[in-house]
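In this note's numbering, the protein residues as written are 11 to 224.
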Amino acid sequence: MCANFQPISLNQAKLFTSYQLDFDFKEDVYPNYDTPLLFANADDEQMQWRQARFGMVPKWADSLNITRYTYNARSETVHTKPSFRDAWLGSQFALIPVQTIFEPKYVDGKAQRWGIQRTDQAPFTIAAIYQAARIGGEIIRSMSLLTINADNHPFMSQFHKPDDEKRSIVVIAPDKHMDWLRCHHSQAHKFLQPMSDQFNAKFMPSKPAQPKTL
11 MCANFQPISL NQAKLFTSYQ LDFDFKEDVY PNYDTPLLFA NADDEQMQWR QARFGMVPKW
71 ADSLNITRYT YNARSETVHT KPSFRDAWLG SQFALIPVQT IFEPKYVDGK AQRWGIQRTD
131 QAPFTIAAIY QAARIGGEII RSMSLLTINA DNHPFMSQFH KPDDEKRSIV VIAPDKHMDW
191 LRCHHSQAHK FLQPMSDQFN AKFMPSKPAQ PKTL
């Protein structure tokens with residue numbers, strides 16, 4: 011599962027669309043943080059930006075605390091789970107543009123934070139589903155990234171606890187962006203393919219917290 015990623019920078023936004031990315035977001039994204047999300051634009055062939063909370067907030071939720079449990083959606087059960095079913099069956103597909111995703115790698119029995127990036131350091135896009143819900147009188151747009159089994163993947167199988175099932179994000183290639191964003195859920199699984207060999211990983215510990223100034 012992926013619970014933390016580094017989104018693109020404001021300067022990288024132009025690599026995806028000419029529409030302006032005009033809201034602030036953190037350099038490290040965790041569940042319940044806002045992050046840029048790409049949607050299909052109904053008026054042309056470009057993608058457009060939306061601000062979304064990391065972690066699905068279904069319409070029946072009564073608080074944002076649910077984001078701690080809904081940041082990943084298993085592709086095998088996404089169509090039946092109450093938190094994700096409406097978004098999937100509504101074909102509400104989006105893309106999360108990132109620079110790095112972080113996964114735990116166990117070394118000598120201890121978890122280390124490893125960063126996964128493209129070998130050419132270019133940003134990439136992750137398959138996601140999204141939803142809009144009213145929480146406390148406020149409209150919240152939220153999303154969850156989709157995952158697939160990676161037990162036999164030569165690269166992604168090295169992450170997470172040794173005895174746990176291995177899971178992987180789904181990377182959508184640039185030439186498939188609009189196809190994914192506009193596809194019907196009945197055709198969506200054909201896009202949920204294993205990651206290519208264009209990625210590498212390295213140990214990237216979390217930055218120490220900065221002391222508060224008085």
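Note that beta-carbon positions come from the ideal geometry of N, C-alpha and C, so glycine has one too.
Quick one: what's got a C-beta closer than 6 angstroms to residue i's C-beta in the same chain, skipping five residues either side?
i    : result
D207 : none
F201 : W190
K222 : With a pLDDT of only 49 at K222, under the threshold of 50, the placement of this residue in the model should not be trusted, and no figure is reported.
Helix, strand or coil, according to DSSP, for residue i in the structure here?
i    : result
M66  : coil
F201 : helix
L31  : coil
N42  : coil
N82  : strand
K24  : helix
In chain order, what residues of the same chain have a beta carbon less than 8 angstroms from the beta carbon of residue i, not counting five sequence neighbours either side?
i   : result
F35 : P17, Y43, D44, T45, P46, Q61
Q22 : P107, Q109, P133
Hey, out of the options, whose CA is closest to residue i's CA?
i    : options               : result
I182 : H194, A198, P215, N82 : A198
P172 : V117, A71, V39        : V117
N82  : I158, I126, Q30, L31  : I158
G146 : S216, R84, V67        : V67
Which residues in the same chain have their Cβ closer than 7 angstroms to the Cβ of residue i, if we skip the five residues on either side of it in sequence?
i    : result
F26  : L48, M57, P107
G125 : T110, F112, A211, K212, M214
Check your understanding: Counting Cβ pairs, one atom from each stretch, are 3 or more of them under 8 angstroms apart for the stretch 104-113 and the stretch 127-134?
Key -> yes
Practice item. Determine, using beta-carbon pairs with one atom in the stretch 72-84 and one in the stretch 51-60, whether at least three such pairs fall under 8 angstroms. Key: The stretch 72-84 is not in contact with the stretch 51-60.
Practice item. Report the residue ranges of all beta strand (DSSP E) runs contained in full by the stretch 137-192; include only those spanning at least 3 residues, in chain order. Key: 148-159, 177-179
Check your understanding: Pairing CB atoms from the stretch 143-153 with CB atoms from the stretch 163-177, are three or more of them under 8 angstroms?
Key -> The stretch 143-153 vs the stretch 163-177: no contact.
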